[in-house]
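Peer 1:
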Amino acid sequence: MAEMDTSGGGHKKGPGVKKSKKLSTRIDLTPMVDLGFLLITFFIFTTTMSQPTAFKLNLPKDDPSHKDDTHIKQSGALTILLGKDNHVFYYENILDPAGKNFKSTNFKDIRDIIIKKKASTPDSDFFVVIKPNEESSYKNVIDALDEMAINVVKRYALVDISDGENQLIHATEGASISH
Amino acid sequence: MSRPKLPRKSTSIDMTAMCDVAFLLLSFFILTTKFKPSEAITVQTPSSVASKVAPDKNIVLITLDKEGKVFLSMDDESIKESIANTLNSSKGLSIDVNAFKKATFFGTSFGQLKSFLNIPESDRKGNLLPGIPCKDSTSNNNELIEWMSIINNAYQGQKMNLLLKGDNLAKYPSFKYVLVAFKKNDFLKFQMVTNPESVPSGSDLWKLNQTIKGGVAPKEEN
Numbered sequence: 001m002a003e004m005d006t007s008g009g010g011h012k013k014g015p016g017v018k019k020s021k022k023l024s025t026r027i028d029l030t031p032m033v034d035l036g037f038l039l040i041t042f043f044i045f046t047t048t049m050s051q052p053t054a055f056k057l058n059l060p061k062d063d064p065s066h067k068d069d070t071h072i073k074q075s076g077a078l079t080i081l082l083g084k085d086n087h088v089f090y091y092e093n094i095l096d097p098a099g100k101n102f103k104s105t106n107f108k109d110i111r112d113i114i115i116k117k118k119a120s121t122p123d124s125d126f127f128v129v130i131k132p133n134e135e136s137s138y139k140n141v142i143d144a145l146d147e148m149a150i151n152v153v154k155r156y157a158l159v160d161i162s163d164g165e166n167q168l169i170h171a172t173e174g175a176s177i178s179h
Numbered sequence: 001m002s003r004p005k006l007p008r009k010s011t012s013i014d015m016t017a018m019c020d021v022a023f024l025l026l027s028f029f030i031l032t033t034k035f036k037p038s039e040a041i042t043v044q045t046p047s048s049v050a051s052k053v054a055p056d057k058n059i060v061l062i063t064l065d066k067e068g069k070v071f072l073s074m075d076d077e078s079i080k081e082s083i084a085n086t087l088n089s090s091k092g093l094s095i096d097v098n099a100f101k102k103a104t105f106f107g108t109s110f111g112q113l114k115s116f117l118n119i120p121e122s123d124r125k126g127n128l129l130p131g132i133p134c135k136d137s138t139s140n141n142n143e144l145i146e147w148m149s150i151i152n153n154a155y156q157g158q159k160m161n162l163l164l165k166g167d168n169l170a171k172y173p174s175f176k177y178v179l180v181a182f183k184k185n186d187f188l189k190f191q192m193v194t195n196p197e198s199v200p201s202g203s204d205l206w207k208l209n210q211t212i213k214g215g216v217a218p219k220e221e222n
């Protein structure tokens, strides 16, 4: 394929014509292949195959009359609180005034907690409340919402944190640093 | 006993076939590659399991950088033109409509918009600009509310894709105030740009996907 037909077509040369020496037309293709693969590697590494995806979020309408508010059962509620440095806190049902059921966790373990709560509550009562505080990052919020998608939680809400809960977070975060 | 002599074979291989394959692959990668346009605002998006590809037509994109600064970009030039005219007539900004049309993003308060548009395109960098003021939920400090209402009027029932692209490190309050601006203008559906991530195996969503794909629900293991 890389060599050409150099047999000269077969017509006879005159008696005075000197026969020129036939040169081989075989080319060494190795450098060309090298270059080819070098470029391939370059394009493989620079190509971006994964396109960004979009995560859908529907917001509830702000209704001052509160007539369409969703009422949730305390027994089916799981509240996830997000603090700084990827700290996660949660409590089930309603927050104990003394903060006894206020527990600390992390993003790895929160999935098991959601699964456990989901399994132990009737589907119609299960509700997750996500409350990020002012020091949590956008990534934390997306991760928490993503966790809802992963565990197929149908009803969840993003709610502003209350002062009492925020104080508990700060107290716990302060305590964990001093230890 | 003498061994039969094996004929010595040439060790040179015909490279032609290999060369063909190499260049075929090369042309494939050259044609499919899509260079990332150098972005004026650097944003590291979080990842999610969402599998829907982000739309790229008729978009209104709000970018939230790691310091919580808010930028706005749109792709439809005719919409941008009508927005520029609205801004000129209602706020008396006397901005250059053509420059507004060509600008890829906006990242200043209304007052500074005119001087922002005088900066050459290549010098508009997210880290040097103040961003659209979006500091709380009142319209005094949250100009995004007004931006969204102008955009809403400009689109007037046409299909638009509202996108939010936030940085991993952006703090929650800045995200919250963007949501406030959306809510106040009844933009209740929007999409957040993320990097794709695989669904963890064994989770409920994974089981759901398996059921849809395979048609048979996997056995529950206990």
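First to last, the protein sequences are chains S and P. Counting along the first sequence from 1, when you hit position 142 you're at 142 in our numbering, and nothing is skipped either side. Counting along the second sequence from 1, when you hit position 151 you're at 151 in our numbering, and nothing is skipped either side. Beta carbons: idealized from backbone N, C-alpha and C, even for Gly.
#1: Does the beta carbon of S:Val88 come closer than 9 Å to any beta carbon on chain P?
#2: Have a look at the DSSP bridge pairing and note the partners of P:Val53.
#3: Using DSSP's beta-bridge definition, name the partner residues of P:Ser73.
#4: Counting along the chain, where does the beta strand (DSSP E) carrying P:Thr194 start and finish?
#5: Under 9 Å between C-beta atoms, does S:Tyr91 make it to chain P?
#6: I want to see whether chain S comes within less than 9 Å of P:Gly166, judged by CB atoms only; does it?
#7: Taking a Cβ distance cut-off of 7 Å, strictly less, list which residues of the segment 154-183 of chain P are near chain S, in chain order.
#8: If you follow the beta strand (DSSP E) that S:Pro132 is in, where does it begin and where does it stop?
#9: Given this structure, state the Cα-to-Cα distance separating P:Asn85 from P:Ile145, to the nearest angstrom.
#10: So which of S:Ser124, S:Lys116, S:Leu29, S:Tyr90 has the shortest CA-CA distance to S:Ile130?
#11: Specify the secondary structure class of P:Ile151 as computed by DSSP and reduced to three states.
#12: Taking the alpha-carbon positions, what's the P:Arg124 to P:Ala40 distance?
#13: Where does S:Lys116 sit, in a helix, a strand or coil, going by DSSP?
#14: List, in chain order, every chain P residue whose beta-carbon is nearer than 8 Å to that of S:Ser24.
#15: Does the distance from the C-beta atom of P:Lys57 to that of P:Asn161 stay below 9 Å?
#16: Return the Cβ separation of P:Ala181 and P:Asn142 in integer angstroms, given the expectation that the two are a contact with Cβ distance under 8 Å.
#17: P:Ile30 touches chain S at which residues, Cβ-Cβ below 9 Å?
#18: Touch check for the segment 106-121 of chain S and the segment 156-167 of chain S: three-plus C-beta pairs under 8 Å?
#19: Kindly give me the distance between the Cβ atoms of P:Ile30 and S:Phe43, rounded to whole angstroms, as I take these residues to be in contact under 8 Å.
#20: Is it the case that the Cβ atoms of P:Val60 and P:Met74 are separated by a distance below 9 Å?
#21: Pick from S:Lys118, S:Glu134, S:Asn58: whose alpha carbon is nearest that of S:Ala157?
#22: Do the CB positions of P:Leu64 and S:Val152 come within less than 9 Å of each other?
#23: Starting from the C-beta of P:Phe190, find all residues in its chain whose C-beta is less than 8 Å away, skip the five residues before and the five after it, and write them out in chain order.
#24: Quick one: residues in its chain with C-beta nearer than 6 Å to the C-beta of S:Ala171, no 5 flanking neighbours on either side, listed in chain order?
#25: Could you check whether the Cβ of P:Val60 sits closer than 9 Å to any Cβ belonging to chain S?
#26: Which class does S:Val88 belong to by DSSP, given the choice of helix, strand or coil?
#27: Using a Cβ cut-off of 9 Å (strictly closer), state whether P:Leu197 contacts chain S.
#28: Kindly list the residues whose CB is nearer than 7 Å to the CB of S:Ile72, restricted to its own chain and excluding five residues on each side of it in sequence; keep chain order.
#29: Roughly how far, in whole angstroms, is the beta-carbon of P:Ile95 from the beta-carbon of P:Lys114, given that I think they are within contact range, below 8 Å?
#30: Taking only beta-carbon atoms, is S:Ser137 less than 9 Å away from chain P?
#31: For P:Ser47, which of P:Asn195, P:Ser203, P:Ser201, P:Val199 has the nearest alpha-carbon?
#32: Within 10 angstroms of its Cβ, does S:Ala98 collect 16 or more other Cβ (buried), or is it exposed?
#33: When every heavy atom of the ligand ATP is checked, does at least one fall within less than 8 Å of the C-beta of P:Phe100?
#34: So S:Ala54 and P:Val193 are supposed to be a Cβ contact under 8 Å. How far apart are they, rounded?
#35: Taking P:Gly126 as the reference, give the member of P:Ser51, P:Thr11, P:Val49, P:Ile62 with the closest Cα.
#36: Considering only residues of the same chain and omitting the five flanking positions on each side of P:Ala54, which have a CB-CB separation below 6 Å?
Peer 2: In this structure, then:
#1: no
#2: S:Thr53
#3: P:Leu61
#4: 189-196
#5: no
#6: yes
#7: Leu163, Gly166, Asp167, Asn168, Leu169, Ala170, Lys171, Tyr172, Pro173, Phe175, Leu179, Phe182, Lys183
#8: 127-132
#9: 18 Å
#10: S:Tyr90
#11: helix
#12: 7 Å
#13: helix
#14: Correct list: empty, because the minimum Cβ distance to chain P is about 12 Å.
#15: yes
#16: 6 Å
#17: Leu39, Phe43
#18: no
#19: 6 Å
#20: yes
#21: S:Asn58
#22: no
#23: Leu162, Leu163, Leu164, Phe182
#24: none
#25: no
#26: strand
#27: It should be pointed out that residue 197 of chain P corresponds to Glu in this sequence rather than to Leu. Interface residue, yes.
#28: Phe127
#29: 5 Å
#30: yes
#31: P:Asn195
#32: exposed
#33: The ligand ATP is absent from the structure shown, which contains no ligands of any kind.
#34: 6 Å
#35: P:Ile62
#36: Val193
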